[in-house]
Amino acid sequence: MSRQRDLDRFYGLLSDLTERVSGTRKLKDCTGYMEWPTRGVYFFLEPGTTRASSDQLRVTRIGTHAVSAGSSTSLWDRLKQHYGTGSGSSNHPHGGNHRGSVYRKRVGEAIIERYGLHDDYPDWDARWSSIERDRSVVRDEEYVLERRVSAYIREQPFLWLAVDDEPSADSQRAYIERNAIALLSNYQQATVDARSDEWLGNDSRSEKIRESGLWNVNHVDEEYDPAFLDELRVAVDETDPV
1 MSRQRDLDRF YGLLSDLTER VSGTRKLKDC TGYMEWPTRG VYFFLEPGTT
51 RASSDQLRVT RIGTHAVSAG SSTSLWDRLK QHYGTGSGSS NHPHGGNHRG
101 SVYRKRVGEA IIERYGLHDD YPDWDARWSS IERDRSVVRD EEYVLERRVS
151 AYIREQPFLW LAVDDEPSAD SQRAYIERNA IALLSNYQQA TVDARSDEWL
201 GNDSRSEKIR ESGLWNVNHV DEEYDPAFLD ELRVAVDETD PV
């Protein structure tokens with residue numbers, strides 16, 4: 001019951017955040033010219049997948065950035081990696097680089113599994129260092145799937161939380177991210193807010209994604225600290241619209 005209570009509080013705080021920033025956004029409507037906070041945490045929501053107890057959209061991906069000392073990656077830098085390339089890209093407009101975004105990689109894997117596209121994308125899971133073929137050829141072959149991944153991710157509503165602390169594995173952002181994932185994860189525990197049968201993550205190669213109901217792998221098998229919700233409350237109150 002305590003986890004259910006904490007989940008209700010978590011989603012209540014997201015409702016407050018949604019109101020505070022004047023609604024969710026979709027990456028397809030976003031640019032780097034918007035006044036994004038320098039650092040923060042983001043929450044992607046799944047269209048059409050609601051909580052068991054309400055019509056509130058369920059969170060399916062949580063992330064942050066710059067958790068290594070000295071990192072200069074901004075919140076928009078990370079969101080842009082998930083977004084992919086724009087219409088102005090000369091070779092691969094509206095594609096992307098899944099080797100620079102684990103979120104894109106995992107979504108692409110699930111599309112491959114769902115539609116049996118293994119022969120079309122033999123190198124999707126491979127690092128560049130292990131691919132002996134010409135990179136430009138591989139990029140051309142993977143372009144169609146990169147576009148499908150972009151189309152999927154850009155339609156996900158998301159919220160952002162301004163937490164402007166220094167890059168560190170012990171940062172407040174990392175603390176909120178880690179505990180939010182652990183709280184929402186259904187991996188190896190009683191399922192709360194089950195994902196729908198249509199959720200693409202059901203076709204993931206990762207058991208942790210399939211069972212947790214999140215596009216995350218790290219922290220899904222950890223215990224959460226309920227005190228993080230107090231930190232989340234403070235961050236919500238300090239987040240402004242972009």
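The numbers in UniProt numbering rise by one with no breaks, and the one at position 186 of the sequence shown is 186. Ideal Cβ positions, reconstructed from N, Cα and C, are used throughout, including at glycine. Keep in mind it's a predicted model, so treat the numbers as computed, not measured.
Contact check, residue i vs residue j, beta carbons under 8 Å
{"i": "H94", "j": "S87", "result": "yes"}
{"i": "H82", "j": "I131", "result": "no"}
{"i": "G108", "j": "H98", "result": "yes"}
{"i": "R51", "j": "F158", "result": "no"}
Whole-number beta carbon distance between residue j and residue i, since they are thought to touch under 8 Å
{"i": "N186", "j": "S212", "result": "6 Å"}
{"i": "L13", "j": "L229", "result": "7 Å"}
Helix, strand or coil at residue i according to DSSP, with G and I counted as helix
{"i": "W215", "result": "coil"}
{"i": "R58", "result": "strand"}
{"i": "A180", "result": "helix"}
{"i": "T85", "result": "coil"}
{"i": "G23", "result": "coil"}
{"i": "L45", "result": "strand"}
{"i": "G70", "result": "coil"}
{"i": "T31", "result": "coil"}
{"i": "T50", "result": "strand"}
Spatially closest choice to residue i from the options, by CA coordinates
{"i": "R58", "options": "D203, V21, E223, V192", "result": "V192"}
{"i": "V80", "options": "V67, G96, S72, S89", "result": "In the sequence on display, residue 80 carries Lys and not Val. Nearest option by C-alpha distance: G96."}
{"i": "Q156", "options": "L200, A227, G40", "result": "L200"}
{"i": "P226", "options": "W36, S22, E177, D170", "result": "E177"}
{"i": "R3", "options": "E166, G116, V41, A180", "result": "A180"}
{"i": "L7", "options": "V242, D123, E46, L232", "result": "L232"}
{"i": "L184", "options": "V217, E35, Y143", "result": "V217"}
Opposing strand residues paired with residue i [DSSP bridges]
{"i": "A162", "result": "G40"}
{"i": "G63", "result": "Y42"}
{"i": "P157", "result": "K26"}
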